[in-house]
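Working notes, beginning with the structure itself.
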Amino acid sequence: MGWSDIIGEPRVKRLLSSAIERGRVAHAYLFTGPEGIGKDATALEFARALCCPSAALSAEGLIEACGHCPDCRRAVSLEHPDIHIVFSIPRGKGTSSNDPVENLSEEELRSVRRELAEKAADPYHHINVPRAAEIRIDSVRMIRRFASMSSSTGRWKTFLVFNADELNEEASDALLKTLEEPPAGTVIVLTSSFAAQLRPTIVSRCETVQFDLLGEEEIENALRTRLGIDEGEARLAARLSGGSYRHAVEVLGEDLQEWRNEVVDFIGYSLTTRYALLARRIEQWAKADRQAVTNRLRLMLSWVRDVFLLQTGSPERVLNIDMESRLERFVGRYRSARTADALASIELAIGALDRNGNTLLVLANLAAELRRNLAEKEADAIPL
Ligand SMILES: [Zn+2]
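Following the working numbering, the numbering of the sequence shown begins with 219 at its first residue and continues without gaps.
Here's what the structure looks like:
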């Protein structure tokens, strides 16, 4: 453990480390930015650095937890009494107003424990307990109660509220009160990918820390070192990830070979006159969820980018190496293809899906653009 276990985000690491070093730790932080880039993981590492009595400067010049003292060991297994984690749990059937966990059924308790164990094993795991949709007031009351107790180490007590946009109205009221009168020696860290859904009065009481999308290389390296994924697959997943580590991991579980075949078929149908096949493919894709369509379009980007690399004489940078002969056939067949324009039209389609554009229309439009940019001259040559 240590900051080196957090993927990328050098600016955020420096900011948090320097707050500890200068004794300028804020009472409350809001970690915000896209999903799956390590906001929770960073919050956990920050909490460890705050509670380890032997925290010191690392080789990279960052204040970090020592990793081997008894406090660090408890912190790693998420069992440290000074690090409290709040997230959505089911309502449960019990009537305890003391501890929301006491209200859970055996099964619910098991799933909460399982999620916590997964989070301890992999801080990039997204906690998701079945039937848990909101953070309720009893969870926030726990913060107030624990905040009033003294720290077991004499150092900071931290409260991490994961997915803080799931706080319901009542819980938001209670949290706001806590933020208005921050208990001494405590740090509250809210994490959220949807900060716009948080109450502005809450946001204004926190120091906002904006996280960046991760770089393709950072994600590729993380997949290789953390999960032992081989280079080719890691690079492809990183390229499809859109800068989110979690998204890259999700992509790994998919049948990328099948997706790629679908993508190459889509391009082929668009450029020739196989409109019935094209229409069927568009319909199929439009039925899938939006993210799955975006993933296929990202694969399309990587494939057309490879065509561009072959056209411009840089075959060593081709990503879809196993499809090289198919790529070369394409380059030979469509000699005047305007690949850069085709790439731009795919980017536009991804953007349109992002903004909730109608999937059918976006794909039909993309097919027409691909034909125009990649095969216009050839199409002209087809005798009527
Ligand atoms: Zn330690």
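No residue lacks a Cβ here, since even glycine has one placed at the ideal position from N, Cα and C.
If you're wondering where the values come from, they're calculated on a predicted model, not measured in any experiment.
Can you have a look at residue i and say buried or exposed, based on whether 16 or more other CB atoms are within 10 angstroms of its CB?
{"i": "Ile225", "result": "buried"}
{"i": "Tyr493", "result": "exposed"}
{"i": "Thr491", "result": "exposed"}
{"i": "Met518", "result": "buried"}
{"i": "Gly310", "result": "buried"}
{"i": "Ala351", "result": "exposed"}
{"i": "Ala392", "result": "buried"}
{"i": "Ser222", "result": "exposed"}
{"i": "Ser412", "result": "Here residue 412 is Phe; the residue named in the question, Ser, does not match the sequence. With fewer than 16 other Cβ atoms within 10 Å, it is exposed."}
{"i": "Pro288", "result": "exposed"}
{"i": "Ala558", "result": "exposed"}
{"i": "Ala389", "result": "buried"}
{"i": "Ser459", "result": "buried"}
{"i": "Pro418", "result": "exposed"}
{"i": "Arg516", "result": "buried"}
{"i": "Arg354", "result": "buried"}
{"i": "Ala593", "result": "buried"}
{"i": "Glu438", "result": "buried"}
{"i": "Glu333", "result": "buried"}
{"i": "Glu320", "result": "exposed"}
{"i": "Thr530", "result": "exposed"}
{"i": "Leu496", "result": "buried"}
{"i": "Gly461", "result": "buried"}
{"i": "Arg313", "result": "Going by the sequence as given, residue 313 is Thr instead of Arg. Burial call: exposed."}
Looking only at its chain, what residues have a beta carbon closer than 7 Å to the beta carbon of residue i, apart from the 5 residues adjacent to it on each side?
{"i": "Leu602", "result": "At Leu602 the pLDDT is 44, less than 50, meaning the model places this residue with poor confidence; the figure from the coordinates comes in the next sentence. Once the five neighbours on either side are set aside, Leu602 has no close Cβ partner at all."}
{"i": "Arg508", "result": "Leu571 and Thr577"}
{"i": "Leu416", "result": "Ala382, Asp383 and Ser410"}
{"i": "Val230", "result": "Thr260, Val427 and Phe429"}
{"i": "Glu449", "result": "Arg442"}
{"i": "Glu215", "result": "The chain is shown from 219 up to 602; residue 215 falls before or after that span and cannot be answered."}
{"i": "Ala506", "result": "none"}
{"i": "Pro341", "result": "Asp258, Ala259 and Leu262"}
If you drop the 5 nearest sequence neighbours on each side, which residues of the same chain put their C-beta closer than 8 Å to that of residue i?
{"i": "Met219", "result": "Glu263, Arg266, Ala283, Gly285, Cys290 and Val294"}
{"i": "Ala599", "result": "Unreliable placement is indicated for Ala599, whose pLDDT of 49 sits below 50; no coordinate value is reported for it."}
{"i": "Glu227", "result": "Ile255, Gly256, Thr260, Phe429, Asp430 and Leu432"}
{"i": "Ala274", "result": "Ile281, Glu282 and Cys284"}
{"i": "Ser563", "result": "Leu584, Glu587, Leu588 and Asn591"}
{"i": "Arg499", "result": "Glu480, Asp483, Phe484 and Tyr487"}
{"i": "Leu545", "result": "Trp521, Asp524, Val525, Leu528, Val536 and Asn538"}
{"i": "Ala582", "result": "Ile500"}
{"i": "Gly251", "result": "Lys257, Ser411, Gln428, Phe429, Asp430 and Leu431"}
{"i": "Leu327", "result": "Val319"}
Taking residue i as part of the beta strand (DSSP E), name the residues at either end of that continuous run.
{"i": "Ile406", "result": "Thr404 to Ser410"}
{"i": "Phe249", "result": "Ala246 to Thr250"}
{"i": "Ile303", "result": "Ile301 to Val304"}
Skipping 5 residues on each side, what residues in its chain have a beta carbon closer than 6 Å to that of residue i?
{"i": "Ser236", "result": "none"}
{"i": "Arg556", "result": "Asn591"}
{"i": "Arg514", "result": "Trp477 and Val481"}
{"i": "Arg232", "result": "none"}
{"i": "Thr376", "result": "Ala265, Leu268, Ile301 and Val405"}
{"i": "His343", "result": "Glu336 and Lys337"}
{"i": "Ser357", "result": "Val304 and Pro318"}
{"i": "Arg373", "result": "Cys269"}
{"i": "Tyr247", "result": "Val407, Cys424, Glu425 and Val427"}
{"i": "Pro401", "result": "Ala365"}
{"i": "Glu451", "result": "none"}
{"i": "Leu296", "result": "Leu334 and Ala338"}
Looking at the unbroken alpha helix (DSSP H) that takes in residue i, where does it start and where does it end?
{"i": "Ile420", "result": "Pro418 to Ser422"}
{"i": "Ile225", "result": "That residue, Ile225, is in no alpha helix (DSSP H); it is neither H nor E in DSSP."}
{"i": "Glu263", "result": "Lys257 to Cys269"}
task: List in chain order: all unbroken beta strand (DSSP E) runs of 3+ residues lying wholly within the stretch 330-397.
output: 375-379
message: Suppose only complete runs of 3+ residues qualify. What are the beta strand (DSSP E) ranges in the stretch 424-502, listed by chain order?
response: 425-428
- prompt: In chain order, which alpha helix (DSSP H) runs of at least 4 residues are fully inside the stretch 522-569?
  reply: 542-551
Alpha helix (DSSP H) runs contained entirely in the stretch 273-302, provided each spans 4 or more residues: 288-294
- prompt: Taking a cut-off of 5 Å, which residues have a beta-carbon closer than that to any heavy atom of ligand 3, in chain order?
  reply: In the structure shown, ligand 3 is absent; the only ligands present are ligand 1.
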